[in-house]
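Line by line, the protein sequences give chains L and G.
Following our numbering, the numbering of the first sequence begins with 100 at its first residue and continues without gaps.
Following our numbering, the numbering of the second sequence begins with 117 at its first residue and continues without gaps.
The beta carbon of each residue, even a glycine, is placed where N, CA and C say it ideally should be.
Computed from a prediction, not measured in an experiment: that's the story for all the values here.
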Amino acid sequence: MASGAREVVIKVRGLVNIMGGRLIHDHLDLDVYRGEVLGVVGGSGSGKSVLLHSIVGLNTPREGQIEVFGEDSRPHRERPENSVQMRWGVLFQEGGLFSSQTVAENIQVPLREYTKMSQELMNEITAMKLSMVGLPEESATKYPSELSGGMKKRAGLARALAADPELLFLDEPTAGLDPISANQFDELVRDLQKSLNLTVFMVTHDLDTLRAATDRIAVLVNRKLKVGTIDELRRDPDPWIQEYFSGARGRAALGT
Amino acid sequence: MTDIQDFGTSKSGAGFRVESLDGVTRLVAEGNWTVRVAARLDADLRALDLGRPPEVAIDGRAITKLDSAGAWLIIRTRRDLETHGVRVTDVRLPDLYAPLIHTIEQEHKAPPVEVPRDRGLIRILENLGEGTIDALRQGYRMLGYLGRFAIELLEAIFQPRGNLRLAALFTQIEEIGINALPIVGLLAFLIGIVMAYQGADQLRRFSAEIFTINLLGVGILRELGGLVTAIIVAGRSGSAFTAQIGTMKVNDEIDALQTIGINTFDVLVLPRVLGLIIALPLLTFYADVMGMIGGAVMCYFDLGITAPAFMRQLHDAISLNTFWVGIIKAPVFAAVIGLVGCFEGLQVERNAASVGKLTTRSVVESVFLVIVLDAGFSIIFSILGI
Numbered sequence: 100m101a102s103g104a105r106e107v108v109i110k111v112r113g114l115v116n117i118m119g120g121r122l123i124h125d126h127l128d129l130d131v132y133r134g135e136v137l138g139v140v141g142g143s144g145s146g147k148s149v150l151l152h153s154i155v156g157l158n159t160p161r162e163g164q165i166e167v168f169g170e171d172s173r174p175h176r177e178r179p180e181n182s183v184q185m186r187w188g189v190l191f192q193e194g195g196l197f198s199s200q201t202v203a204e205n206i207q208v209p210l211r212e213y214t215k216m217s218q219e220l221m222n223e224i225t226a227m228k229l230s231m232v233g234l235p236e237e238s239a240t241k242y243p244s245e246l247s248g249g250m251k252k253r254a255g256l257a258r259a260l261a262a263d264p265e266l267l268f269l270d271e272p273t274a275g276l277d278p279i280s281a282n283q284f285d286e287l288v289r290d291l292q293k294s295l296n297l298t299v300f301m302v303t304h305d306l307d308t309l310r311a312a313t314d315r316i317a318v319l320v321n322r323k324l325k326v327g328t329i330d331e332l333r334r335d336p337d338p339w340i341q342e343y344f345s346g347a348r349g350r351a352a353l354g355t
Numbered sequence: 117m118t119d120i121q122d123f124g125t126s127k128s129g130a131g132f133r134v135e136s137l138d139g140v141t142r143l144v145a146e147g148n149w150t151v152r153v154a155a156r157l158d159a160d161l162r163a164l165d166l167g168r169p170p171e172v173a174i175d176g177r178a179i180t181k182l183d184s185a186g187a188w189l190i191i192r193t194r195r196d197l198e199t200h201g202v203r204v205t206d207v208r209l210p211d212l213y214a215p216l217i218h219t220i221e222q223e224h225k226a227p228p229v230e231v232p233r234d235r236g237l238i239r240i241l242e243n244l245g246e247g248t249i250d251a252l253r254q255g256y257r258m259l260g261y262l263g264r265f266a267i268e269l270l271e272a273i274f275q276p277r278g279n280l281r282l283a284a285l286f287t288q289i290e291e292i293g294i295n296a297l298p299i300v301g302l303l304a305f306l307i308g309i310v311m312a313y314q315g316a317d318q319l320r321r322f323s324a325e326i327f328t329i330n331l332l333g334v335g336i337l338r339e340l341g342g343l344v345t346a347i348i349v350a351g352r353s354g355s356a357f358t359a360q361i362g363t364m365k366v367n368d369e370i371d372a373l374q375t376i377g378i379n380t381f382d383v384l385v386l387p388r389v390l391g392l393i394i395a396l397p398l399l400t401f402y403a404d405v406m407g408m409i410g411g412a413v414m415c416y417f418d419l420g421i422t423a424p425a426f427m428r429q430l431h432d433a434i435s436l437n438t439f440w441v442g443i444i445k446a447p448v449f450a451a452v453i454g455l456v457g458c459f460e461g462l463q464v465e466r467n468a469a470s471v472g473k474l475t476t477r478s479v480v481e482s483v484f485l486v487i488v489l490d491a492g493f494s495i496i497f498s499i500l501g502i
């Protein structure tokens, strides 16, 4: 990969996380470059979500530095003019939608918070985002509790994309979706990444998604990260990685 | 002939200008067309009046940065012009943004989303109707719930087949009763102090300070001990019932119980309500004792009545009935608090907001019912002459 000259969007150095007395991350280093889609995989409980939470500042690591766009990513009490929070969007596993607001209001939260747009323009942009993520128009006035799991994810993605972020975090975006929806989701991520030049950090278990949507993959094994393309990782001797990519599901998804 | 109208291009990075050159109107956009300046661009574009030229070309080659909000503004402007009968001859943007425009154009044809605003008489009528139907439905469900509870309870007592979960029952008694001892004791003690102090103050005018003890005995044993305990327990345990059961409902735990074949009433409702019915009279007794101790302490410091004198006067002032009248109400209050708490918990919908809403409702309803019942008891006892 000719990644030497590319801009580093997420920079993790020496990250150590301890949860409940258990060492989860042992001095992790990671660079995510602008415009790439990085998939993060690992066994259950290997700390994928903790890594994501650490990067977006929801979890203060025991040790190590994390920079997003060259800035400290932890939530500020006072929001600077050009804060990283405005430049990224996060899709949580269950969508993380505000249950007391309709889908449209959910999508408009970042717009209302960061811009002085008229309600009219916000409504237009909401409609645009809804159709981008493939939600029908009438879902705009629904409450999250009235949506199915897949629709919640789409609505969550629409909210994450509302303020046109440069960086998108996805936590298990295709988990719980039917294969058709999952394929559409992969395509959507690819499309958006191409058209908006997004950088995407995606925690996923879906091998199809990994193959279809990601440029590089970071594998969390033994509290360390191994980063590479699928082909590079398949040559890795680590038994977990071998099992992951060369097990029955891995072979089916990767077509070997 | 050249005519140039300038919108923000010179002031800041982003903007557009309108050039009319030899009958061709060109909309020239430049700078960073992003979400941050979209509000200003939107206002300028909406206010723009091109004076109905036959043809317009949109030139965005000078745009340095475009995101979906900016792209939408350009697409919308073109559509607006076209719907007003203006022919848009050419839209030019840097090649870099072709996929973005394509994505939006292809996917998005729908009209803007309307966020409905509630207003007007019709809305009020709608709310009234919805409220009435909700209340009726709630009453219907409550009736069903009471019937179910009665059946389950009678079955548990007369045809026991292990449907009364003793472990759960004792856990509930510990949680409702033992864990509430500090707060109930402290509050009852303080109420004893306050009543003795205020009573002594008033009765001193008639040189009848000694009757402070009568006031304490009747007031706390008959009314306040039970009432205060019931209200604390409603706030402490009634709310916890609703929140626990409600959260289980949000997490599909109730559905899981049912599919495993466990009677949700047996595991969730019966232990809680029965635990409360057992614990609340005991708590009330404890509150009575603490209240009397508080009163005795105050009588000693304020009136110089020693403990033996206090006991003698108390013995004369109250009969056993006074005590029983207070205690007999406790199981009834307990049943109401427990039933309301569990009922509201089962009414929770699958969202977090609903847990909070129904928890509040459960506390308000049970405190309300406790006070209403207490008034009812007063009337019944006075008719019976107790």
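Tell me the DSSP secondary structure of K181/G in three-state form.
Three-state DSSP puts K181/G in a strand.
Would G454/G and G362/G qualify as a contact pair, given that the criterion is a beta-carbon distance under 8 Å?
No, Cβ-Cβ distance for G454/G and G362/G is not below 8 Å.
In terms of DSSP beta bridges, what is R168/G paired with?
DSSP output for R168/G lists no bridge partner at all.
Could you tell me whether any Cβ in chain G is nearer than 8 Å to the Cβ of S244/L?
Yes, because at least one Cβ of chain G sits closer than 8 Å to the Cβ of S244/L.
Taking the CB atoms as reference points, tell me whether G333/G and L398/G lie closer together than 8 Å.
Result no, Cβ atoms of G333/G and L398/G do not sit closer than 8 Å.
Residues bridged to N116/L by DSSP?
Residue pairing from DSSP places N116/L in a beta bridge opposite H124/L.
Within the stretch 344-371 of chain G, note down every full alpha helix (DSSP H) run reaching 4 residues or more, in order along the chain.
Here the runs fully enclosed are 355-366.
In chain G, what lies closer than 7 Å to M250/L by C-beta?
The premise fails here: M250/L is roughly 14 Å from chain G at the closest Cβ pair, so nothing lies under 7 Å.
Does any CB atom of chain L fall closer than 8 Å to the CB of N467/G?
Taking 8 Å as the threshold, the shortest C-beta distance from N467/G to chain L falls below it.
Beta-ladder partner(s) of A173/G, from DSSP:
DSSP lists R142/G and D206/G as partners of A173/G.
Start and end of the beta strand (DSSP E) containing V383/G?
That residue, V383/G, is in no beta strand (DSSP E); it is neither H nor E in DSSP.
Is there contact between the stretch 301-312 of chain G and the stretch 366-386 of chain G, where contact requires at least three CB pairs shorter than 8 Å?
With the rule of 3 Cβ pairs closer than 8 Å, the stretch 301-312 of chain G does not count as touching the stretch 366-386 of chain G.
Cross-chain neighbours of K293/L in chain G, by beta carbon under 8 Å:
Simply P215.
Excluding the 5 residues preceding and the 5 following G327/L in the sequence, name in chain order all residues of the same chain whose CB lies nearer than 7 Å to its CB.
Cβ neighbours of G327/L beyond the five flanking positions: R315 and I316.
Three or more C-beta pairs closer than 8 Å, one from the stretch 432-449 of chain G and one from the stretch 472-481 of chain G: is that the case here?
No contact exists between the stretch 432-449 of chain G and the stretch 472-481 of chain G.
Could you tell me the boundaries of the alpha helix (DSSP H) in which I206/L lies?
It spans V202 to Y213 - the alpha helix (DSSP H) in which I206/L sits, taken as one unbroken run.
Can you check DSSP and say which residues form a bridge with F366/L?
What is shown of chain L runs 100 to 355, which leaves residue 366/L out entirely.
Going by DSSP in three states, G163/L sits in which element: helix, strand or coil?
Correct three-state label for G163/L: strand.
Taking the beta carbon of W149/G as the centre, do at least 16 other beta carbons fall within 10 Å, making it buried, or is it exposed?
Buried.
Going along the chain, which residues of its own chain have a beta-carbon closer than 7 Å to the beta-carbon of P210/G, five neighbours each way excluded?
These residues qualify, in order along the chain: R177 and I179.
Neighbourhood of G113/L by C-beta distance below 8 Å, restricted to the same chain and skipping five residues each side
Residues H126, L127, D128, E162, G163 and Q164 of the same chain have their beta carbon placed closer than 8 Å to that of G113/L, with the five preceding and five following residues left out of the count.
Counting pairs of Cβ atoms below 8 Å between the stretch 262-270 of chain L and the stretch 293-300 of chain L, do you hit three or more?
Yes: at least three Cβ pairs fall under 8 Å.
Three-state class that DSSP yields for S494/G in the structure shown:
Looking at S494/G - three-state DSSP - the assignment turns out to be helix.
Mark V172/G as exposed unless 16 or more other C-beta atoms lie within 10 angstroms of its C-beta, in which case mark it buried.
So V172/G counts as buried.
Closer than 7 Å, Cβ to any Cβ of chain L: which residues of the stretch 168-195 of chain G, in chain order?
The stretch 168-195 of chain G vs chain L, Cβ under 7 Å: D183, S184, A185, W188 and R192.
Nonlocal neighbours in the same chain, by C-beta distance under 8 Å from E268/G, ignoring five residues either side:
So the list reads N279, N379, F381, D382, V385 and L386, once near-sequence residues are dropped.
Return helix, strand or coil for K252/L, following the three-state DSSP convention.
The three-state secondary structure of K252/L, taken from DSSP, is helix.
Proximity test, Cβ basis, 8 Å: D158/G and chain L
Yes, its Cβ sits closer than 8 Å to a Cβ of chain L.
In angstroms, rounded to a whole number, what distance separates the CA positions of F286/G and T345/G?
Taking the straight line from one Cα to the other gives about 20 Å.
Comparing alpha-carbon positions, which option in E271/G, V452/G and D175/G lies nearest V140/G?
Selection E271/G, V452/G and D175/G evaluated against V140/G yields D175/G as nearest (Cα-Cα).
Counting only Cβ pairs nearer than 7 Å, list the residues of chain L close to R504/G.
Residue 504/G cannot be examined here, being either before or after the span of chain G that is shown, 117 to 502.
Per-residue DSSP class, three states only, for G103/L
A caution first: G103/L carries a pLDDT of 49, below 50, which makes its placement in the model too unreliable to give a value.
Taking the CB atoms as reference points, tell me whether D250/G and L343/G lie closer together than 8 Å.
No, these two residues do not count as a Cβ contact at 8 Å.
Taking Cβ-Cβ distances shorter than 8 Å, what residues in chain L pair up with A155/G?
Neighbours of A155/G on chain L, chain order: T214, K215, M216, S217 and L220.
Same chain, Cβ closer than 7 Å to M408/G, neighbours up to 5 away in sequence not counted:
Closer than 7 Å at Cβ, skipping near neighbours: G308, L332 and I336.
A283/G, buried or exposed, once every other Cβ within 10 Å from all chains shown has been counted against 16
Residue environment: A283/G is assigned as exposed (fewer than 16 neighbouring CB atoms within 10 Å of its CB, all protein chains considered).
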